[in-house]
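Heads up, the thing below is written out as structure tokens.
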Amino acid sequence: MTCRSFCGAIFFVVVACLAIGNAPLPAWSEREWLVYDPARSGSPQRDEAGDPTGDHHQLYTSGVQPYPRSPGLLVGLPERYSDRGWTRSTERLPDRDVRRARAWPALGFAETASPFPGGPPELSIYVQEGYGPQTFESKRGAVRRHTLRLDGFASVHAPLTGGSLVTKPFVFKGDTLAINFSTSGGGRIRIALTDAADTPLEGRSLDDCDLVYGDEHDRVVSWGSEESLATLAGKPVRLVVELKDTDLYAIRFE
Numbered sequence: 029m030t031c032r033s034f035c036g037a038i039f040f041v042v043v044a045c046l047a048i049g050n051a052p053l054p055a056w057s058e059r060e061w062l063v064y065d066p067a068r069s070g071s072p073q074r075d076e077a078g079d080p081t082g083d084h085h086q087l088y089t090s091g092v093q094p095y096p097r098s099p100g101l102l103v104g105l106p107e108r109y110s111d112r113g114w115t116r117s118t119e120r121l122p123d124r125d126v127r128r129a130r131a132w133p134a135l136g137f138a139e140t141a142s143p144f145p146g147g148p149p150e151l152s153i154y155v156q157e158g159y160g161p162q163t164f165e166s167k168r169g170a171v172r173r174h175t176l177r178l179d180g181f182a183s184v185h186a187p188l189t190g191g192s193l194v195t196k197p198f199v200f201k202g203d204t205l206a207i208n209f210s211t212s213g214g215g216r217i218r219i220a221l222t223d224a225a226d227t228p229l230e231g232r233s234l235d236d237c238d239l240v241y242g243d244e245h246d247r248v249v250s251w252g253s254e255e256s257l258a259t260l261a262g263k264p265v266r267l268v269v270e271l272k273d274t275d276l277y278a279i280r281f282e
């Protein structure tokens, strides 16, 4: 997690990590200041403009804001900035506008429809490009849209050779299991439910699971065309997830 904070009149960035492993969730680490110091690059000098070595950096964090679908999660696009001045290497960059452009993600996030019929919604990020039109010879700025997968910031991934995930015993509420996932054309997911002692539950084994593949953010899993898990709600169970060439982003009982 990255967020902004102030120490006196100075603007800083604070980072913390979410421990997954065997730690109970959520288990955030202690917050630490994100320090960009010349010592990290071996440079003895302090920050100075027009340094051609690129040893000195600034970090812009404008646009950090709560994620609309989970306000406790802060999302932003920090820009790492190094002013090397106008050098021969700068001149050789492939696009003049790219050399001079600045992008500021200050216009927020929005959930938007997929451009593909039947595709899952996307997270759109609108940025102001060319802050101050005087930075372009054309005297124009632009608003550009970038997209991210909805709720797709982290995933459990398995290659084509396959992998598996087994949860700790837990109790759930709800009638069905929905997943946010993406597979390759040859990838797949199967999910089984067992009791707390790892004994497979009748009708909910990996072999019973209807093969799941594609790219969806809210797919309801079924076993022999049966989706309901109502009889298991409130009882300790484990999930056994088999993955091949797949990213699994989230699971939800509903």
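Just so you know, the sequence shown maps onto residues 29 to 282 in my numbering. All residues carry an ideal CB built from backbone N, CA and C; glycine is no exception.
Pairwise C-alpha distance: residue j and residue i
i: Ala-261; j: Val-155; result: 44 Å
i: Ser-233; j: Gly-146; result: 29 Å
i: Trp-251; j: Pro-148; result: 23 Å
i: Leu-105; j: Ala-224; result: 42 Å
i: Phe-281; j: Ala-206; result: 6 Å
i: Arg-177; j: Leu-101; result: 15 Å
i: Arg-173; j: Val-103; result: 16 Å
i: Asp-203; j: Arg-247; result: 14 Å
i: Thr-163; j: Pro-197; result: With a pLDDT of only 49 at Thr-163, under 50, the local geometry of the prediction cannot be trusted, and no value is derived from it.
i: Ser-142; j: Glu-150; result: 6 Å
i: Phe-137; j: Pro-94; result: 9 Å
i: Thr-140; j: Ser-152; result: 6 Å
i: Val-199; j: Lys-263; result: 5 Å
i: Pro-228; j: Glu-255; result: 17 Å
i: Arg-120; j: Phe-144; result: 37 Å
i: Ile-219; j: Leu-257; result: 13 Å
Cutoff 7 Å; reference residue i; Cβ partners in own chain excluding five residues on either side
i: Asp-179; result: Arg-97, Asn-208, His-245, Tyr-277 and Ala-278
i: Ser-253; result: Asp-238
i: Ser-117; result: none
i: Asp-226; result: Arg-266
According to DSSP, residues forming a beta bridge with residue i
i: Trp-251; result: Cys-237 and Glu-254
i: Pro-228; result: Thr-222
Distance cut-off 8 Å: residue i Cβ against heavy atoms of the ligand HEM
i: Arg-177; result: For the ligand HEM, the structure offers nothing, since it holds no ligand at all.
Same chain, Cβ closer than 6 Å to residue i, five either side skipped, listed in chain order
i: Val-240; result: Ile-217
i: Asp-243; result: Ser-210
i: Asp-236; result: Trp-251 and Gly-252
Beta-carbon separation (whole angstroms), residue i vs residue j, contact threshold 8 Å
i: Val-268; j: Val-194; result: 5 Å
i: Leu-271; j: Gly-191; result: 5 Å
Sequence-distant residues of the same chain with beta carbon closer than 8 Å to residue i, five excluded per side
i: Glu-315; result: The first residue shown for the chain is 29 and the last is 282, placing residue 315 beyond what the model contains.
i: Gly-215; result: Leu-188, Tyr-241, Leu-271, Lys-272, Asp-273 and Thr-274
**Asked** Does the stretch 184 to 196 come within contact of the stretch 259 to 277, defined as at least 3 CB pairs closer than 8 Å?
**Response** yes
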